[in-house]
């Protein structure tokens with residue numbers, strides 16, 4: 062197995078990259094199925110166990126917090142020891158987290174549920190590096206497509222996760238216990254896929270070549286306009302997606318619809334997140350990464366407006382299911398363009414020697430922001446007014462300032478690039 066990364070302009074490397082993409086797509090489908098399952102039930106389980114309903118979404122917040130605190134160490138760890146070991150640790154952590162959360166539900170302990178959620182966050186952080194692993198062995202031409210195809214594996218997880226959840230969520234007397242037990246199995250089966258990856262083993266015991274590029278310091282990296290804007294657009298796209306999606310099951314059930322309705326809406330949302338990935342990479346190659354990120358921000362704005370329109374035309378404090386579907390589908394599409402675009406811009410803004418620092422720093426910043434979004438989601442949804450429709454309105458109105466931040470960053474980068482040219 063090769064110890065080195067391919068030349069970024071070497072199309073011969075793409076045969077190897079395509080094999081890795083196939084494995085990572087399957088991993089995204091099987092292991093990734095646990096995330097829509099958890100996002101459907103975690104807030105409801107939290108509401109069931111928490112002493113204050115304002116903390117109902119805290120289990121989701123602990124997952125994101127776990128991802129944020131894991132990224133700074135797991136990225137350098139994978140650079141040193143290889144992606145495969147990092148991915149296996151992630152899957153084992155996902156199984157452990159689900160087991161601890163299941164025990165928390167069984168004994169009725171909110172604290173134990175939160176501990177399990179933190180370990181799930183370690184899995185979530187490792188999963189986030191699948192997209193970077195796809196780019197590790199790809200040429201510059203294939204790189205955006207490789208990232209996009211791996212993200213498309215989430216399309217299968219969007220189908221598998223919610224449908225599996227319908228089968229298992231009520232299979233025990235303790236609500237949602239079956240969901241977490243099924244997630245243990247997904248992790249243990251999925252981790253076997255990583256042994257089929259053909260990726261660089263890492264830099265441990267590998268002497269640096271004499272002419273190796275000296276990596277930039279963290280300060281220098283954070284002064285790179287492309288890296289700054291990639292982080293901003295990535296964190297805004299992911300944070301807003303999480304802000305709204307976290308509250309969706311609470312809003313749907315709170316407005317009088319069933320848990321099956323919530324599963325179907327989340328399933329449609331996750332499908333919208335990943336289905337465009339089959340062509341997002343091609344669009345980036347054709348139109349440029351900045352235009353695709355801009356399109357993502359426009360679609361996220363449309364998602365917020367669709368949700369608020371549903372509230373405006375609601376009858377008897379019950380927005381229509383159509384408005385929920387429209388808002389969540391647009392939310393998924395906007396996330397796809399914004400996040401894949403930001404990932405592509407980031408991977409083209411650093412060299413192989415810098416990837417451990419840059420990617421770990423990026424995911425720490427992104428998931429740190431997502432942690433705050435998930436915390437805010439529960440407070441806005443459950444503690445803004447007296448009825449769920451008011452909380453749902455507050456959640457979607459909160460998107461506005463962050464969309465303006467990301468739009469401003471993209472405009473700044475575009476102007477700066479034109480002046481430099």
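Residue numbers (my numbering): 62 to 482.
A virtual CB, placed ideally from N, CA and C, is assigned to each residue, including glycine.
Three-state class that DSSP yields for residue i in the structure shown
i	result
residue 415	helix
residue 451	helix
residue 271	For residue 271, the pLDDT reaches just 46, beneath the cut-off of 50, and the residue's location in the model is therefore unreliable, although a value from the coordinates is still provided. The answer is coil: DSSP assigns residue 271 none of H, G, I, E or B.
residue 372	helix
Cβ neighbours of residue i in the same chain (closer than 6 Å, five flanking residues each side left out)
i	result
residue 258	81, 84, 145
residue 148	187, 255
residue 195	82, 85, 207, 208, 211
residue 336	216
residue 241	159, 162, 163
residue 176	161
Contacts around residue i, its chain only, beta-carbon distance under 8 Å, and the 5 residues preceding and following it disregarded
i	result
residue 419	282, 288, 407, 410, 411
residue 471	290, 294, 351, 354, 355, 358
residue 325	223
residue 66	At residue 66, the pLDDT of 47 sits below 50, so the modelled position is not reliable and the matter cannot be decided from this model.
residue 220	328, 332
Proximity below 8 Å, CB of residue i to CB of residue j
i	j	result
residue 165	residue 180	no
residue 239	residue 229	yes
residue 386	residue 312	no
residue 218	residue 331	yes
residue 428	residue 297	no
residue 143	residue 260	yes
residue 322	residue 117	no
residue 124	residue 178	yes
residue 318	residue 382	yes
residue 361	residue 301	yes
residue 440	residue 115	yes
residue 225	residue 169	no
residue 236	residue 316	no
residue 309	residue 366	no
Exposed unless 16 or more other CB atoms sit within 10 angstroms - verdict on residue i
i	result
residue 396	buried
residue 182	buried
residue 351	buried
residue 97	buried
residue 152	buried
residue 172	exposed
residue 340	exposed
residue 278	exposed
residue 161	buried
residue 113	exposed
residue 3	Nothing about residue 3 can be read from this structure; the chain reaches only from 62 to 482.
residue 327	buried
residue 253	exposed
residue 465	exposed
residue 415	buried
residue 78	buried
residue 374	exposed
residue 377	exposed
residue 452	buried
residue 88	buried
Anticipated Cβ contact below 8 Å, residue i with residue j, distance rounded
i	j	result
residue 334	residue 215	6 Å
residue 303	residue 128	Not a contact, Cβ separation roughly 11 Å.
residue 421	residue 132	5 Å
residue 8	residue 306	Lying before the first or after the last residue shown, residue 8 is absent from the chain, which here runs from 62 to 482.
residue 155	residue 184	3 Å
residue 438	residue 456	6 Å
residue 103	residue 121	5 Å
residue 405	residue 345	6 Å
residue 136	residue 469	Contact flag wrong, Cβ pair sits at about 28 Å.
residue 232	residue 75	Not really, about 44 Å apart at Cβ, beyond 8 Å.
8 Å Cβ cutoff, residue i in contact with chain C
i	result
residue 278	Included in the structure is just one protein chain, with no chain C present.
Cβ-based neighbour list, residue i, same chain, cut-off 7 Å, excluding 5 preceding and 5 following
i	result
residue 454	369, 372
residue 271	Here residue 271 scores only 46 on pLDDT, less than 50, and its place in the model is too uncertain to base an answer on.
residue 475	351
residue 247	91, 92, 94, 95
residue 251	88, 91, 92, 152
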